[in-house]
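Shown next, in structure tokens, is the structure this report addresses.
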Amino acid sequence: MILKVEHRTLFAYSRPIYETATEVRLHPDSSQNSSQRCSSFTLDIEHTPTIFEYTDFYGNKVHHFNILQSHDRVSILATSIIETGKGTPLSSDNEAILLMDFSAESRFVHFDPAIREFTSSFSPQMPPLALGEAICRKIHDSFIYEPGVTDVHSTSAVVMALGRGVCQDFAHIMLAACRSLQIPARYVSGYLFGGSTPLGHEEASHAWCEIYGGPETGWVGMDPTHSSLFVDERYIKIGSGRDYADVPPVRGTWKGNAEETLSVSVKLTAIS
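Here the sequence shown is numbered in this note's numbering, starting from 2 and rising by one per residue.
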């Protein structure tokens with residue numbers, strides 16, 4: 002499947018500010034270990050700043066820029082053409098180091114007593130992928146999809162207490178459950194074409210998990226938000242990390258005395 006993604010982010014300010022420093026993770030994964038291929042990517046930013054690029058520790062492509070003149074809005078449009086596939090992401094050269102990070106607690110992933118209780122019925126002796134699938138299904142069946150009850154700063158412990166949340170929250174619960182049972186798992190940021198939430202609303206920007214099944218199996222994508230559970234060619238991966246904190250689509254700072262308003266829109270179109 003070949004898909005076009007148009008991801009627009011708009012920062013608006015109640016009065017002019019005089020400096021912004023921003024980094025974006027919006028380039029779809031196209032590494033040699035990926036099961037997808039990004040054939041085109043453009044980044045159009047209002048005020049035409051100089052754009053710099055680097056690859057972070059987890060292999061995600063990052064673009065960053067500064068706007069130093071006075072301004073009251075910043076518009077960012079990322080446009081991509083991606084060929085998706087059903088393949089399994091392979092292992093990387095520094096897999097042993099990464100597996101330690103993907104097996105531990107992190108900023109939004111906690112091994113709290115509620116997670117221990119949630120996973121108490123599972124046997125750590127099960128094959129990793131079978132155990133991951135069982136955990137994924139239990140999360141899907143046990144938690145209620147409800148926007149607005151959490152935010153981007155909610156930890157897995159908060160979501161466990163609430164029993165509800167959105168895709169980012171369910172991904173953090175799955176990471177906590179898998180890692181507490183010594184299964185390496187990583188957070189994935191991306192998009193879902195043609196998908197819908199349990200409430201029936203279209204959902205383009207999305208989050209899910211990848212479970213490490215071993216050197217021969219590699220990483221397998223699983224999505225606790227949707228009943229199909231397994232990631233397929235409808236999914237576009239941007240990047241991965243320990244949790245949301247490693248792969249926010251847009252992050253930055255600004256200077257000035259103003260109120261900030263953020264709006265985001267994503268359009269996915271099937272080319273073939």
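For glycine and all other residues, C-beta sits at the position ideal for the given N, C-alpha and C.
Assumed close pair residue 27, residue 239 - CB separation to whole angstroms, cut-off 8 angstroms: 6 angstroms
Cβ pair count under 8 angstroms reaching 3, the region 175-184 against the region 14-27: no
Cα-Cα separation between residue 46 and residue 85, rounded to whole angstroms: 26 angstroms
Residues bridged to residue 131 [DSSP beta-bridge criterion]: None; residue 131 has no bridge partner.
Contact set for residue 259: own chain, Cβ-Cβ below 8 angstroms, skip 5 residues either direction: If we look at residue 259 and ignore the five residues flanking it on each side, its Cβ neighbours are 14, 15, 16, 17, 18, 73.
Cβ-based burial, residue 263 [other Cβ within 10 Å; buried from 16]: Classification of residue 263: exposed, given that the 10 Å Cβ count is below 16.
Contacts around residue 116, its chain only, beta-carbon distance under 8 angstroms, and the 5 residues preceding and following it disregarded: Apart from sequence neighbours up to five positions away, the residues of its chain that approach residue 116 with a beta-carbon distance below 8 angstroms are 157, 158, 161, 174, 177, 178, 181, ordered along the chain.
Pick from 133, 245, 37 that is closest to residue 214, judged by C-alpha positions: 133
Start and end residues, alpha helix (DSSP H) containing residue 216: Taken as a continuous stretch (DSSP letters only), residue 216 belongs to no alpha helix (DSSP H), as it is neither H nor E.
Inter-residue spacing [alpha-carbon to alpha-carbon] between residue 223 and residue 257: 42 angstroms
Closest Cα partner of residue 8 within the set 273, 192, 271: 192
Segment contact, 8 angstroms Cβ cut-off, at least three pairs: the region 138-145 with the region 164-173: yes
Same chain only: Cβ atoms within 6 angstroms of residue 42, ignoring 5 sequence neighbours per side: 28, 81
For residue 188 and residue 236, believed in contact at Cβ under 8 angstroms, the rounded distance: Going by Cβ atoms, the distance from residue 236 to residue 188 rounds to 14 angstroms, so no, they are not a contact pair.
With 16 other Cβ atoms within 10 Å as the buried cut-off, status of residue 37: Sixteen is the threshold: when 16 or more other Cβ atoms of the shown chains lie within 10 Å of the Cβ of residue 37, as they do, the residue is buried.
Under the three-state DSSP convention, the category residue 2 falls into: coil
Opposing strand residues paired with residue 98 [DSSP bridges]: Residue 98 pairs with nothing; no bridge assigned.
Same chain, Cβ closer than 6 angstroms to residue 78, five either side skipped, listed in chain order: 9, 45
Length of the line joining the Cα atoms of residue 221 and residue 211: So the alpha carbons of these two residues sit roughly 5 angstroms apart.
Buried versus exposed call for residue 169 [16 or more other C-beta atoms within 10 Å across all chains shown]: buried
Beta strand (DSSP E) runs wholly inside the region 125-187, at least 3 long, in chain order: none
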